[in-house]
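Listed in order, the protein sequences are those of chains A and B.
Residue numbering for the first sequence follows my numbering, starting at 6 and increasing by one per position.
Residue numbering for the second sequence follows my numbering, starting at 6 and increasing by one per position.
Number of protein chains: 2
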Amino acid sequence: MSISTDPTGWPQSGEMTPEIEAYTLLRQVHSILETYNRYDLRGEDLTVPQFMILNYASRSGVPLSEISARMMCDNSNLTGIVDRLIAKGYVERRPDPNDRRVSLICLTEAGAEKLRNLRPRHHEKLRKRMRSLSEHEVYQLRELLKSLYSSLVNSSDDEHRDKAAD
Amino acid sequence: MSISTDPTGWPQSGEMTPEIEAYTLLRQVHSILETYNRYDLRGEDLTVPQFMILNYASRSGVPLSEISARMMCDNSNLTGIVDRLIAKGYVERRPDPNDRRVSLICLTEAGAEKLRNLRPRHHEKLRKRMRSLSEHEVYQLRELLKSLYSSLVNSSDDEHRDKAAD
DNA sequence: TCAATCTTGTTTCAAATGAAACAGTTTCAA
DNA sequence: TTGAAACTGTTTCATTTGAAACAAGATTGA
Numbered sequence: 006m007s008i009s010t011d012p013t014g015w016p017q018s019g020e021m022t023p024e025i026e027a028y029t030l031l032r033q034v035h036s037i038l039e040t041y042n043r044y045d046l047r048g049e050d051l052t053v054p055q056f057m058i059l060n061y062a063s064r065s066g067v068p069l070s071e072i073s074a075r076m077m078c079d080n081s082n083l084t085g086i087v088d089r090l091i092a093k094g095y096v097e098r099r100p101d102p103n104d105r106r107v108s109l110i111c112l113t114e115a116g117a118e119k120l121r122n123l124r125p126r127h128h129e130k131l132r133k134r135m136r137s138l139s140e141h142e143v144y145q146l147r148e149l150l151k152s153l154y155s156s157l158v159n160s161s162d163d164e165h166r167d168k169a170a171d
Numbered sequence: 006m007s008i009s010t011d012p013t014g015w016p017q018s019g020e021m022t023p024e025i026e027a028y029t030l031l032r033q034v035h036s037i038l039e040t041y042n043r044y045d046l047r048g049e050d051l052t053v054p055q056f057m058i059l060n061y062a063s064r065s066g067v068p069l070s071e072i073s074a075r076m077m078c079d080n081s082n083l084t085g086i087v088d089r090l091i092a093k094g095y096v097e098r099r100p101d102p103n104d105r106r107v108s109l110i111c112l113t114e115a116g117a118e119k120l121r122n123l124r125p126r127h128h129e130k131l132r133k134r135m136r137s138l139s140e141h142e143v144y145q146l147r148e149l150l151k152s153l154y155s156s157l158v159n160s161s162d163d164e165h166r167d168k169a170a171d
């Protein structure tokens with residue numbers, strides 16, 4: 006592990022707007038929590054993305070596209086991860102009788118059991134790690150991020166392009 | 006690009022605490038902004054991690070370890086990225102005369118020029134993307150994340166271990 | 001019907017990432 | 001001074017990621 010303690014880790018330039026600071030902190034918090042998650046799963050025969058897929062799969066099966074949409078990644082990323090989960094016996098691919106293009110990702114009993122075991126512990130650890138924020142602050146954070154998320158998604162194919170607009 | 010618009014992208018279980026929601030949103034916001042950054046740099050001969058290294062390097066040189074600490078990643082990650090930046094002529098490695106273990110990552114004139122050109126535009130884009138939050142909300146978000154960051158860093162080699170404590 | 005178009009998942013490639021092992025340096029205490 | 005321990009950067013390996021091309025299947029409209 007070993008996470009740097011340096012609280013002054015900003016780019017050296019003087020121009021540090023609140024927006025940049027907030028984004029830098031968001032990156033850092035994300036990075037630390039990701040590291041913790043990876044560490045938690047080390048002894049569990051799972052990587053972080055593998056655990057995420059397990060979380061989005063179900064006994065009855067979920068289309069791979071639906072999982073990749075929820076994970077905000079490309080289908081092509083999941084092929085290999087699912088392969089490894091199959092090798093470990095936690096999921097299986099099953100054809101969708103209604104649409105022969107889709108393959109449903111199904112939890113095996115082993116996968117469902119793994120999840121029943123892991124998920125509550127994982128949630129509890131996350132809860133503890135955020136305990137430095139009061140209940141009210143957690144709500145605040147959630148609402149701010151929710152608002153940011155919506156605006157980013159809605160302006161999606163607009164805002165990020167280099168339009169002359171503004 | 007194409008970013009899913011599904012606002013109901015939660016794991017299917019009923020137990021959705023505010024902490025989990027906040028963390029999920031943090032992941033999602035991070036993912037979207039990362040995608041935008043990647044898109045912005047597509048035409049600039051740079052990837053996101055390459056641009057980050059450029060931001061942390063300087064004309065006079067910065068030790069690779071210092072850059073990896075700021076980026077919260079392992080030294081071994083940077084070797085390859087720096088190699089590619091050298092191939093593109095944006096940085097060079099120079100031995101530190103005071104410590105023969107360290108190699109200083111130095112911006113070339115081309116790299117410095119690239120940065121002078123890109124950084125202001127990058128900051129402006131980020132600012133616009135967060136414009137849905139009021140000035141006050143940006144401050145709030147920054148303070149919440151700063152608080153979370155500090156507590157995560159301080160409890161670093163403690164909190165994430167599976168101590169019986171609590 | 002049938003051809004253009006979209007969708008789904010895979011393959012391939014380049015890049016990034018984390019972990020472990022390693023060699024060369026430096027530090028520090030005995 | 002010397003030997004153990006720590007530090008710095010690279011190498012190697014397995015995994016993840018994004019992008020583009022692709023094949024097979026579904027959909028749509030003329």
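C-beta atoms are modelled at their ideal positions from N, C-alpha and C, and glycine is treated no differently.
List, in chain order, every chain B residue whose beta-carbon is nearer than 7 Å to that of residue i.
i: Glu24(A); result: Leu131, Arg132, Met135, Val143
Can you give the beta carbon distance from residue i to residue j, rounded, assuming they're within the 8 Å contact cut?
i: Arg98(B); j: Ser108(B); result: 5 Å
i: Leu138(B); j: Leu149(A); result: 7 Å
i: Arg32(A); j: His35(B); result: 7 Å
i: Val67(A); j: Ile25(A); result: In fact, because the Cβ distance is near 38 Å, the residues do not count as touching under 8 Å.
i: Leu46(B); j: Ala27(A); result: Not confirmed; about 21 Å, so no contact.
i: Tyr154(B); j: Leu30(A); result: 5 Å
i: Thr22(B); j: Arg132(A); result: 6 Å
Give the residues of chain A in contact with residue i, contact being defined as C-beta atoms less than 8 Å apart.
i: Val34(B); result: Leu31, Leu150, Leu153, Tyr154, Leu157
i: Tyr28(B); result: Leu38, Leu131, Met135
Could you tell me whether the Cβ of residue i comes closer than 8 Å to any Cβ of chain B?
i: Leu138(A); result: yes
i: Leu123(A); result: no
Taking DSSP's pairing of strands, which residues face residue i in a bridge?
i: Val67(A); result: Ile110(A)
i: Glu97(B); result: Cys111(B)
i: Asp104(A); result: Asp101(A)
Run through chain B and tell me which residues come within less than 8 Å of residue i, C-beta to C-beta.
i: Arg64(A); result: Result: empty, since nearest Cβ-Cβ is about 11 Å, beyond 8 Å.
Give me the chain A residues within the contact set of residue i, using Cβ-Cβ distance strictly less than 7 Å, ordered along the chain.
i: Leu146(B); result: Ala27, Leu149
In chain order, what residues of the same chain lie with their CB nearer than 8 Å to the CB of residue i, ignoring the 5 residues before and after it?
i: Arg90(B); result: Residue identity differs from the one stated: residue 90(B) is Leu in this sequence, not Arg. The residues are Gln55, Ile58, Leu59, Val96, Gly116.
i: Arg43(A); result: Thr52, Val53
i: Ser152(B); result: none
i: Arg64(B); result: Cys111, Leu112, Ala117
i: Ile72(B); result: Ile58, Tyr61, Ala62, Leu83, Ile110
i: Arg124(A); result: Asn60
i: Asn80(A); result: Leu69, Ser70, Ser73
i: Thr10(B); result: Only weak support is given to the placement of Thr10(B): the predicted model assigns it a pLDDT of 39, under 50, and the question is left unresolved by the model.
CB-CB under 7 Å to residue i, same chain, minus the five flanking residues each way: which ones, in chain order?
i: Val143(B); result: Met135
i: Tyr41(A); result: Arg134
i: Ile86(A); result: Pro54, Gln55, Ile58
i: Glu39(A); result: Val53
i: Asp50(B); result: Lys93
Closest Cβ-Cβ distance between residue i and chain A: below 8 Å?
i: Ser9(B); result: Annotation note: pLDDT 41 at Ser9(B) (below 50); position unreliable, no value reported.
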